[in-house]
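*Asks:* Residue numbers (our numbering): 312 to 464.
Each residue gets a CB set at the ideal place from its N, CA and C atoms; glycine is no exception.
Predicted model, so just to flag it, every value in this text is computed and none were measured.
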């Protein structure tokens, strides 16, 4: 796969957001297991080098197969990571947003450890916060430029 987070300079945008939809999950047992999801989230964020502020928190949703499942979220110093599972449909959604670069391959490896095989039916990698200043000097220059443009100078 191309477009891994970290393939571009980190000083020109705030961070990367990876969103995945996995289909045809081979082993669905962990998708309805709160402890397994808690452990997965803890291991995932450790592997991609993030700092946990709160969580993982796991919640259940009862209902018909298209709604029943579990969600787990962890709040990170770098932003957040979440997983939403639908065992009856053999589907999983994953979202990771971080101001710190991470490798998509590490995320996919952790997911394979959780559910075995799967198909990636949707994938989005979005650069968030274009032209986000990382240091005071560039931030001040950007602010001055925008301010001057706004007042017509």
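#1: Using C-beta distances below 6 Å, list every residue in its chain close to residue 330, excluding the 5 sequence neighbours before and after it, in chain order.
#2: What does residue 327 pair with, by DSSP beta-bridge criteria?
#3: Terminal residues of the continuous beta strand (DSSP E) containing residue 335?
#4: In this structure, does DSSP put residue 362 in helix, strand or coil?
#5: Please state if the CB of residue 421 and the CB of residue 342 are separated by a distance shorter than 8 Å.
#6: Where do the ends of the alpha helix (DSSP H) carrying residue 342 lie?
#7: Determine the closest residue to residue 326 out of 350, 353, 412, with distance taken between C-alpha atoms.
#8: Whole angstroms is fine: what's the gap from residue 294's alpha carbon to residue 333's?
*Replies:* Concretely, from the data shown:
#1: Here residue 330 refers to the residue found at position 19 when the chain shown is read from its first residue. Excluding positions up to five away in sequence, the list reads 406, 435.
#2: By one-based count along the chain shown, residue 327 stands at place 16. For residue 327, which the question treats as bridged, DSSP gives the partners 409, 438.
#3: Sequence index remark: in the chain shown, residue 335 carries index 24 (1-based). Careful: residue 335 lies outside any beta strand (DSSP E) and carries neither H nor E.
#4: Stepping through the chain shown from its first residue, residue 362 is reached at position 51. Looking at residue 362 - three-state DSSP - the assignment turns out to be coil, as it is neither helix nor strand.
#5: Walking along the chain shown from the start, residue 342 turns up at place 31. Walking along the chain shown from the start, residue 421 turns up at place 110. Cβ distance not < 8 Å, so residue 342 and residue 421 don't count as in contact.
#6: Stepping through the chain shown from its first residue, residue 342 is reached at position 31. Neither: residue 342 is in no alpha helix (DSSP H) and is coded neither H nor E.
#7: The residue given as residue 326 occupies position 15 in the chain shown. Out of 350, 353, 412, 412 has the C-alpha closest to the C-alpha of residue 326.
#8: The structure shown does not extend to residue 294, since the chain spans only 312 to 464, so no value can be given for it.
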